[in-house]
Amino acid sequence: MQKLAALQTATKRALYEAILYPGVDNFVKYFRLQNYWTQQAGFSP
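Remember, the numbering used here sits 331 above the position in the sequence shown when you count from 1.
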């Protein structure tokens, strides 16, 4: 559960940084985290 909380916090922080400080680096950071969540949601072992 700690990993989940850390990932959620990192995703929120990346979103806020992408909004407050627009730029390629901040967008890519957020986009990669969003892709991670999307892949996890579609993953079924």
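We treat Cβ as the ideally placed atom computed from N, Cα and C, and that holds for glycine.
Buried or exposed by the 16-neighbour rule on C-beta atoms within 10 Å, applied to residue i
i, result
"Tyr361", "buried"
Alpha carbon of residue i to alpha carbon of residue j, nearest angstrom
i, j, result
"Thr369", "Ile350", "20 Å"
"Leu335", "Val355", "26 Å"
"Arg332", "Gln339", "Note that residue 332 corresponds to Met in the displayed sequence, not to Arg. Approximately 11 Å, taken between the alpha carbons."
"Gly373", "Ala341", "20 Å"
At least three beta-carbon pairs within less than 8 Å, the segment 356-375 to the segment 339-347 | yes
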